[in-house]
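J.: These protein sequence lines are chains A and B, in that order.
Using the working numbering, you'd call the opening residue of the first sequence number 1 and step up by one each time.
Using the working numbering, you'd call the opening residue of the second sequence number 1 and step up by one each time.
Right, I'll just put the structure down here and ask away after.
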Amino acid sequence: MSKLRVVHYINQFYAGIGGEEKADHKPEVREGKVGPGMAFQQAFGDEAEIVATVICGDTYFNENIESASAEVISMIKQHNPDVVICGPAFNAGRYGVACGAVAKAVSEELNVPVVAGMYPENPGVDMYKKYAYIIETANSAVGMKKAVGPMASLALKLAKGEEIGSPKEEGYIARGVRKNYFASERGAKRAVDMLIKKIKGEEFVTEFEMPVFDRVEPAKAIKDITKAKIAIVSSGGPVPKGNPDHIESSSASKYGKYSLAGIEDLNPENGQTAHGGYDPVYANEDLDRVIPVDVLREMEKAGEIGSLHEYWYSTVGNGTSVANSKKFAAEIAKDLQAAGVDAVILTST
Amino acid sequence: MVKEIESTGLPVVHMCTVVPISLTVGANRIVPTIAIPHPLGNPALGKEEEKELRRKLVRKALDALQTEVDGQTVFDK
């Protein structure tokens, strides 16, 4: 039997092209394996071969999702794969979104199965889990070794057209797909068994997990913006020059509250970004590009807005856990309420 | 963060470049911006032009804050 054909999608970082300064790298295709492809190839042994690797910069992909997907797909198609592997992207948000978008396009347009790897909080998971088998990984590349095994074995199964087990058995994130199977016991008996376990306080496994709709009602609009006090919050890591609170460049454990007193315009002397996930050059040159202090000050003077709240709040969104972000935001919201703020402009990078 | 703040009753406008992420996290008022490393600016423009671009985006955000919405809304006009 000839070897199964695998195409691998990775970003500019894992291709060894460069970090954030190269994140605008346009899609390219290389013959054979690149970077993490080595480990996958090892796991495949003689059964499959990575025939090509498609590489794209994360920023380029996310700023041009539709055209970038199309370019990447045509590259993948040329190599006629039996299965496509994306990532793993761990908790890198833009990489996860890119992997997910590629997975969606591959499964819909080429009708080829896709295996990706991501940390459950990666935004790519919620957006694209329907389209790929996303193996649950650790939140950083430290988990590469552990991710490769399950990704490779699931990819082989898919390429061979073998039966795929439940999310738990195979280690992928539930896709919200229902599958019929013959159970050994009737539904009524299973339900009662489950209920009895629940009453006894024993562990049981539901057969139908309810989706979690984590949505918030939109707050009421501002009636008169010329009287409103506006506050600035950002996950793009804007901080005073020198990053006095040492907010981490990724996986932030804190947020900062910084005074805008006397600041009319941000410049390289009074502001910078602490964020590690994007090229900081533009923000460091002029932090107004991340938080628009200069124009809000003008609008305040011109009476277009009531006032600008005297502090801005900042953290770094890069790889920061949802639990931490929630905690920071709850504290920030309390502070905003106490200060009589009416509305918030929240910027993200 | 958007949700946590909005849940206290304060309207939040999310200005961001990757709108699908914002929709996934659950922002209700979304204004798309220029690029990931410089959402509210464009280094390719002259200083005044760049500021005008920023002014326009902020006005759009202020309009969004003054608009009642009953679900997730992207203000891209």
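Glycine is no exception: its CB is placed at the ideal position from the N, C-alpha and C atoms.
Could you tell me whether the segment 18 to 26 of chain B touches the segment 92 to 103 of chain A, using the rule of 3 or more Cβ pairs below 8 angstroms?
T.: Taking 8 angstroms as the limit for Cβ pairs, the verdict is that the segment 92 to 103 of chain A does touch the segment 18 to 26 of chain B.
J.: Between which two residues does the alpha helix (DSSP H) holding residue 53(A) run?
T.: Not the alpha helix (DSSP H): residue 53(A) falls in the beta strand (DSSP E), residues 48 to 56.
J.: Quick one: Cα of residue 280(A) to Cα of residue 203(A), how far?
T.: Each residue's Cα considered, the two are about 48 angstroms apart.
J.: For a test of the three-state rule: what should DSSP assign to residue 142(B), helix, strand or coil?
T.: The requested residue 142(B) is not part of the displayed model; chain B covers only 1 to 77.
J.: Between the segment 177 to 197 of chain A and the segment 261 to 276 of chain A, do at least 3 Cβ pairs fall closer than 8 angstroms?
T.: Touching, no, given that fewer than three Cβ pairs across the two stretches are closer than 8 angstroms.
J.: Look at residue 151(A) and residue 88(A) and say whether their C-beta atoms are less than 8 angstroms apart.
T.: Cβ distance < 8 angstroms, so residue 151(A) and residue 88(A) count as in contact.
J.: Using three-state DSSP, classify residue 345(A) as helix, strand or coil.
T.: Residue 345(A): strand per DSSP, three-state reduction.
J.: Which one or two residues does DSSP pair with residue 156(A) in a beta bridge?
T.: Answer is none; residue 156(A) lacks a bridge partner.
J.: Leaving out five residues on either side along the sequence, give the residues of the same chain with a beta carbon under 7 angstroms from the beta carbon of residue 123(A).
T.: Excluding residues within five positions, the ones whose Cβ falls inside 7 angstroms are 93, 96 and 97.
J.: Got a sec, what are the start and stop residues for the alpha helix (DSSP H) residue 190(A) sits in?
T.: First-last of the alpha helix (DSSP H) with residue 190(A): 187 to 200.
J.: Using DSSP's beta-bridge definition, name the partner residues of residue 317(A).
T.: Per DSSP, none; premise fails for residue 317(A).
J.: Closer than 7 angstroms by C-beta to residue 225(A): which residues in its own chain qualify, once you throw out the five before and the five after it? Chain order, please.
T.: Excluding sequence neighbours, residue 225(A) sits near 305.
J.: Residue 114(A) touches chain B at which residues, Cβ-Cβ below 9 angstroms?
T.: Result: empty, since nearest Cβ-Cβ is about 18 angstroms, beyond 9 angstroms.
J.: Residue 297(A) touches chain B at which residues, Cβ-Cβ below 9 angstroms?
T.: By Cβ distance, chain B contributes nothing, its closest Cβ being about 11 angstroms from residue 297(A), past 9 angstroms.
J.: State the DSSP-derived secondary structure class of residue 175(A), mapped to helix, strand or coil.
T.: Three-state result, residue 175(A): coil.
J.: Check the Cβ-Cβ distances between residue 134(A) and every residue of chain B, and say whether any is below 8 angstroms.
T.: Cβ-Cβ to chain B under 8 angstroms: no for residue 134(A).
J.: Go ahead and label residue 223(A) buried or exposed: buried means 16 or more other beta carbons lie within 10 angstroms of its beta carbon, across all protein chains shown.
T.: Residue 223(A) comes out exposed.
J.: Quick one: measure Cβ to Cβ for residue 349(A) and residue 278(A), integer angstroms, because I've assumed they're closer than 8 angstroms.
T.: Rounded, the Cβ-Cβ distance is 5 angstroms, consistent with contact.
J.: Excluding the 5 residues preceding and the 5 following residue 228(A) in the sequence, name in chain order all residues of the same chain whose CB lies nearer than 7 angstroms to its CB.
T.: Correct list, in chain order: 222, 305, 306, 342 and 343.
J.: Tell me whether residue 15(B) sits in a helix, a strand or coil according to DSSP, three-state version.
T.: The answer is strand: DSSP assigns residue 15(B) an E or B state.
J.: Quick check: what's the CA-CA separation for residue 250(A) versus residue 316(A)?
T.: Computed Cα separation, rounded: 6 angstroms.
J.: Taking a Cβ distance cut-off of 9 angstroms, strictly less, list which residues of the segment 69 to 86 of chain A are near chain B, in chain order.
T.: The residues in question: there are none.
J.: Could you check which residue in 46(A), 39(A) and 35(A) has the C-alpha nearest to that of residue 55(A)?
T.: For the residues 46(A), 39(A) and 35(A), the minimum Cα distance to residue 55(A) belongs to 35(A).
J.: Since I believe residue 12(A) is in contact with residue 57(A) (beta carbons under 8 angstroms), could you give me their beta-carbon distance rounded to a whole number of angstroms?
T.: At roughly 4 angstroms, the Cβ-Cβ gap stays under 8 angstroms, so residue 57(A) and residue 12(A) are in contact.
J.: On the CB-based measure, 16 or more other CB atoms within 10 Å of its CB, does residue 61(A) come out buried or exposed?
T.: The residue is buried, with at least 16 neighbouring Cβ atoms inside 10 Å.
J.: Note down, in chain order, every chain B residue with its Cβ under 8 angstroms from the Cβ of residue 127(A).
T.: Here the neighbours are 20, 21 and 24.
J.: If we count the other Cβ atoms within 10 Å of its Cβ and call it buried at 16 or more, is residue 174(A) buried or exposed?
T.: With fewer than 16 other Cβ atoms within 10 Å, it is exposed.
J.: Along chain A, which residues have their Cβ under 9 angstroms away from the Cβ of residue 13(B)?
T.: Here the neighbours are 343, 344, 345 and 346.
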